[in-house]
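Since the structure comes first, as structure tokens, the remarks are kept for the end.
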Amino acid sequence: SALVPGTTAGFCRTLLARHRNAVYPAVDAGNGGFGALWRDCEGGLCAITYAKLDATGAVTSGPTTLMPPGENSLPRIVAGTGVAAGEWGVSWWSYLADQWAVFFARLDDDGELLGGPVRLNQGGDLYPWLDGRGHGLAWDGAGWGTVWAETAGGPRSIRYAHVSPLGVKQGG
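Each residue of the sequence shown is one higher than the one before, counting from 135 in the working numbering.
What follows is the structure in structure tokens.
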């Protein structure tokens, strides 16, 4: 059957990016809506931008820039539940001092940082473009977990970091 214009099935909405080159979108459902992240570039500098959407795609909060423009890419977003209800866990890659770094941060529903960004990796060459995805992020009810590929003075390996509900990296 054909879609009828004006019905709720099959609609889409354009989210206006702050700059003209927005790529690598990510979305998750939770906290009474959808959290969206994307890479937003202008003049060779790229920021990670957050917006909260309702079910129709209308922006209910944001857009908010999470990191100052630089070489930021491949954002991920996951809604918290339980002790992290009303929060979003986000991760992304930034190019710093000739290395890619993996960062994690917690956001409130308005996109405000809850604490500062936490760097998860200790160095080495990362592989953000290996498969177009770069890394993964998840919430298990007791903390945030993320994985990525990197070489830290050796062959390529998969790394994992666990972050507490309060945004503190656990272990090394």
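Ideal placement from N, C-alpha and C gives every residue a C-beta, glycine not left out.
Keep in mind that this is a model prediction, so the values were computed, not measured.
| Query | Result |
| --- | --- |
| Hey, which unbroken runs of the alpha helix (DSSP H) at 4 residues or more fall wholly within the segment 151 to 220? | none |
| If you draw a straight line from the alpha carbon of V281 to that of V212, how long is it in whole angstroms? | 14 Å |
| Buried or exposed, going by whether 16 or more other CB atoms sit within 10 Å of the CB of D243? | buried |
| If you reduce the DSSP assignment to three classes, tell me which class V302 lands in. | coil |
| Give me the DSSP bridge partner(s) of G327. | The first residue shown for the chain is 135 and the last is 306, placing residue 327 beyond what the model contains. |
| How is G270 classed by DSSP in three states: helix, strand or coil? | strand |
| Just list the residues that DSSP pairs G223 with in beta bridges. | V212, R240 |
| DSSP has L230 in a bridge; who is on the other side? | Q233 |
| In this structure, how does DSSP classify D265 when only helix, strand and coil are distinguished? | Legend: pLDDT at D265 = 39, less than 50; position of this residue unreliable, no value from coordinates given. |
| Return the bridge partner residues of L247 from the DSSP annotation. | L241 |
| Give me, in chain order, the residues of the same chain whose beta-carbon lies closer than 6 Å to that of F168; leave out the 5 immediate sequence neighbours on both sides. | V161, L187 |
| What distance in whole Å lies between the Cβ atoms of E205 and S228, which are believed to be in contact at a cut-off of 8 Å? | 6 Å |
| Using CA coordinates, which residue listed in L271, N255, W234 is at the minimum distance from R240? | L271 |
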